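Report on one structure; see the data block that follows.
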Amino acid sequence: MSEQLTSREENYSQWYQDLVMKADLAEHSAVRGCMVIKPYGYAIWEKMQQELDRRFKETGHVNAYFPLFIPKSFFSKEASHVDGFAKECAVVTHYRLKNDPDGKGIIVDEDAKLEEELIVRPTSETIIWNTYRGWIESYRDLPILVNQWANVVRWEMKTRLFLRTAEFLWQEGHTAHATAEEAVEETIKMLNVYADFAENILAIPVIKGMKSPNERFAGALDTYCIEAMMQDGKALQAGTSHFLGQNFAKAFDVKYTNREGKQEFVWATSWGVSTRLMGALIMSHSDNDGLVLPPRLAPIQVVIVPIFKNDEQLNAINEKVAELKKSLEKRGISVKYDNRDTHKPGWKFAEYELKGVPVRIAIGPRDLENGTVEVARRDTKEKAVYQMTDLHLKIEHLLEQIQDNIYRKALDLREEKTNRADSWDEFIDILDNKGGFVYAHWDGSTETEEKIKELSKATIRCIPMDNPEEEGQCILTGNPSGQRVLFARAY
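The number in this note's numbering is simply the position in the sequence shown, starting from 1, with 396 added.
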């Protein structure tokens, strides 16, 4: 099956597209720029949802749902917000269809024009803050800690499955606070939640930092992000958390009465991750044979494949596997037993390798006699013979080893592809010949940032949160700089 994939070395972009479709994760739909997420791909997304949702609730957040359609007038209330999203908005203008009187099919009923156009949700700050105005009266109503799982539409012209589609799935948190300090604390707390999830579940090492003013979310005072490196050396923004200040509270007149009886505007945050994480997962770990899934995220952690020649052998194996499967599932390990007689074992091995199942167990008649099984790891392709005694404990330990190894491999690659540049020529040489992250000095101006992007196709991914002060000179202008920032070419 892996022969169906373009190799990463030959064409990384095509390898990615091939893998998404051959591994049954997603496919293009009849709607331009939109995708169908197939059951196996959605099962991975569901695991992401479950892990994130648990973390959100542990930090005091609750789920709600807000309308898909947003009145156009709402966007005009926060100037920078509308500027940021105007070019990506899908607009609903009519509410009815009718048969063409000339018999040419269905047409829009010109008499059914909406009094006010509706924007298909690109993000929900405006509709949510209009709602919060009715929820908040005094300090007793704060904080509001709400998240929603939803779909959004941003009209992309160039699309790629999971990474950039016109419609995608995500979660968006929207919180309201009495003070700026509380809101900033919330913003950073949720960034840390994302970083913990990325590193401990997705096995993707990330760098936490703040976006430059030019890269901030439209309507935010500060945007924090986690940045990940893909195997081709390009960066991918894996999550963002925004301190919105009082911008949306002022735009929608959301005030509260404080303990002294005075009215103040509320402070806000928003934060989100999307199905783009599926792209990050694929490009961080997978290889020319297919997906490589970290065990904590894999829908199927262990697959058991029987080797048999006749029904008698299969029946004996079935009986033993039922016992093994039960012991594994009691440890919380998800197991699939594939005893189909329509495909040979070799075909099944290739299928589960392509789909990234972390552990494969093969068992045949001789294994029953010897009390053993053959165990294969997806991450290293290593095989070993295990005794069936306490197999559940051995597999549990192996899954943790695989999780750690996948993370370590990604971290080693990032460290290998992270460099420092002290001049423009060195900066370009690293980007062109090595790729990856580049720490370099920038003079802090938007004009310089945009010029660097124009000349190099690299952007400031973030100003890392643990960045030390360091006097230097901007790589482009030579102007003074007090710290290095993180540059990369990115998805």
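Where a beta carbon is used, it is the ideal one built from N, C-alpha and C, also for glycine.
As the structure is a computational prediction, the values presented were derived from the model and not from experiment.
Pull up the DSSP beta-bridge partners for residue 603, would you. As a working mapping, residue 603 is identified with position 207 in the sequence shown. The partner list for residue 603 (beta bridge, DSSP) reads 623.
Can you confirm whether the region 661-674 touches the region 547-566 when touching is taken to mean that 3 or more C-beta pairs between the two stretches lie within less than 8 angstroms? Under the Cβ criterion (8 angstroms, minimum of three pairs), the region 547-566 counts as touching the region 661-674.
Tell me whether the beta-carbon of residue 730 lies closer than 8 angstroms to the beta-carbon of residue 696. Looking up residue 730 in the sequence shown gives position 334. Looking up residue 696 in the sequence shown gives position 300. Cβ distance < 8 angstroms, so residue 730 and residue 696 count as in contact.
Can you tell me whether residue 590 is helix, strand or coil according to DSSP? Taking the sequence shown and counting its residues from 1, one reaches residue 590 at position 194. Note: residue 590 maps to helix in three-state DSSP.
Do you know offhand how far residue 579's Cα is from residue 613's? As a position in the sequence shown, residue 579 is number 183, starting the count at 1. As a position in the sequence shown, residue 613 is number 217, starting the count at 1. Roughly 16 angstroms between the two C-alpha positions.
DSSP three-state label for residue 576, please. Position 180 of the sequence shown, counted from the start, is the residue given in the question as residue 576. Helix.
Close beta carbons around residue 487, own chain, < 8 angstroms, minus the five adjacent residues each side: Translated into positions along the sequence shown, residue 487 becomes position 91. Only 468, 513, 514, 515 and 516 meet the Cβ criterion.
May I have a chain-ordered list of the alpha helix (DSSP H) segments no shorter than 4 residues that lie completely inside the region 630-679? Fully enclosed alpha helix (DSSP H) runs of 4 or longer: 643-647.
With DSSP as the reference, identify every bridge partner of residue 566, one or two as the case may be. Residue 566 sits at position 170 when you count from the first residue of the sequence shown. 546 and 670.
According to DSSP, is residue 768 helix, strand or coil? Within the sequence shown, numbered from 1, the residue matching residue 768 stands at position 372. In the structure shown, residue 768 sits in a strand (DSSP, three-state: E or B).
By the DSSP assignment, the alpha helix (DSSP H) with residue 711 in it spans what residues? Working through the sequence shown from its first residue, we reach residue 711 at position 315. 707-726 is the extent of the alpha helix (DSSP H) around residue 711.
For residue 760, which of helix, strand or coil comes out of DSSP? To locate residue 760, count along the sequence shown from 1; it is residue 364. Residue 760: coil per DSSP, three-state reduction.
Among 849, 543, 647 and 777, whose alpha-carbon lies nearest the alpha-carbon of residue 824? Counting from one through the sequence shown, the residue named residue 824 turns up at place 428. The shortest C-alpha to C-alpha distance from residue 824 to any of 849, 543, 647 and 777 is the one to 849.
So does residue 673 have its beta carbon nearer than 7 angstroms to some heavy atom of the ligand MN? Summarising the ligand content, the structure contains no ligands, and the ligand MN is consequently not present.
With a threshold of 8 angstroms, are at least 3 pairs of Cβ atoms found where one atom belongs to the region 740-757 and the other to the region 679-698? Verdict: yes, contact present.
Whose C-beta lies closer than 7 angstroms to the C-beta of residue 827 among residues of the same chain, with five residues either side of it excluded? Counting from one through the sequence shown, the residue named residue 827 turns up at place 431. Around residue 827: 834, 852, 854 and 885.
For the alpha helix (DSSP H) containing residue 436, name the first residue and the last one. Residue numbering aside, residue 436 sits at position 40 when the sequence shown is read from its first letter. Run containing residue 436: 435-454, per the alpha helix (DSSP H) assignment.
Could you check how far apart the C-beta atoms of residue 873 and residue 609 are, in whole angstroms? I think they sit under 8 angstroms. Taking the first residue of the sequence shown as 1, we reach residue 873 at position 477. Taking the first residue of the sequence shown as 1, we reach residue 609 at position 213. The C-beta separation of residue 873 from residue 609 comes to about 17 angstroms, leaving the pair out of contact by the 8 angstroms criterion.
For the pair the region 520-535 and the region 649-659, tell me if three or more CB-CB distances fall below 8 angstroms. Yes, the region 520-535 is in contact with the region 649-659.
In the DSSP assignment, what are the bridge partners of residue 699? Here residue 699 refers to the residue found at position 303 of the sequence shown. Bridge partners of residue 699: 732 and 756.
Who does residue 845 pair with in a DSSP beta bridge? The count along the sequence shown starts at 1 and reaches residue 845 at position 449. None; residue 845 has no bridge partner.
Mind checking residue 503: buried by the 16 CB within 10 Å criterion, or exposed? By 1-based counting over the sequence shown, the position of residue 503 is 107. Residue environment analysis places residue 503 among the exposed positions, since fewer than 16 neighbouring C-beta atoms fall within 10 angstroms of its C-beta.
Environment of residue 520 [buried if 16+ CB atoms lie within 10 Å]: Here the question's residue 520 lines up with position 124 in the sequence shown. It is buried - the Cβ of residue 520 has at least 16 other Cβ atoms within 10 Å.
How should residue 432 be labelled, buried or exposed, when 16 other C-beta atoms within 10 angstroms of its C-beta is the threshold for buried? Sequence index remark: in the sequence shown, residue 432 carries index 36 (1-based). The residue in question, residue 432, is exposed, as its Cβ has fewer than 16 Cβ neighbours within 10 Å.
Buried versus exposed call for residue 633 [16 or more other C-beta atoms within 10 Å across all chains shown]: Taking the first residue of the sequence shown as position 1, residue 633 is located at position 237. Taking a 10 Å sphere around the C-beta of residue 633, we find 16 or more other C-beta atoms and assign the residue as buried.
In chain order, which continuous runs of the beta strand (DSSP E) of length 3 or greater are located wholly inside the region 784-866? Within the region 784-866, the runs of beta strand (DSSP E) that reach at least 3 residues and sit entirely inside it are, in chain order, 814-816, 833-837 and 855-860.
For residue 618, which residues does DSSP report across the bridge? Your numbering for residue 618 matches position 222 in the sequence shown. Its beta-bridge partners are 639.
Three-pair Cβ contact test at 8 angstroms for the region 583-594 versus the region 635-642: Yes, since at least three Cβ pairs between the region 583-594 and the region 635-642 fall closer than 8 angstroms, the two stretches touch.
Nearest candidate by alpha-carbon position, reference residue 818, set 805, 866 and 777: Position 422 of the sequence shown, counted from the first residue, corresponds to residue 818. If we check each option's Cα against that of residue 818, 866 comes out closest.
Given 8 angstroms as the limit, is there contact between the region 783-792 and the region 758-770, that is, 3 or more CB pairs closer than that? Contact holds between the region 783-792 and the region 758-770, because three or more Cβ pairs, one in each stretch, are under 8 angstroms apart.
Going by the DSSP bridge assignment, what does residue 683 pair with across the sheet? Residue 683 sits at position 287 when you count from the first residue of the sequence shown. Residue 683 is bridged by DSSP to 686.
With a threshold of 7 angstroms on Cβ separation, who are the neighbours of residue 602 within its own chain once the five nearest residues in sequence on each side are excluded? Start at 1 with the first residue of the sequence shown, and residue 602 comes out as number 206. Residues 591, 594, 595, 622, 623, 624 and 634 of the same chain have their beta carbon placed closer than 7 angstroms to that of residue 602, with the five preceding and five following residues left out of the count.
By the three-class DSSP mapping on this structure, what secondary structure does residue 480 have? In the sequence shown, the residue the question calls residue 480 occupies position 84. Here residue 480 sits in helix by DSSP.
Can you name, in chain order, every residue of its own chain whose Cβ lies under 7 angstroms from the Cβ of residue 644, other than the five neighbours on each side? Walking along the sequence shown from the start, residue 644 turns up at place 248. Here the set comprises 474, 521, 525, 615 and 664.
For residue 539, which option in 692, 556, 575 and 560 has the closest C-alpha, if you only look at C-alpha atoms? Locating residue 539 in the sequence shown gives position 143, counting from the first residue. Closest option to residue 539, Cα to Cα, is 575.
DSSP three-state label for residue 885, please. Reading the sequence shown from its first residue, position 489 is the one you call residue 885. Coil, per DSSP.
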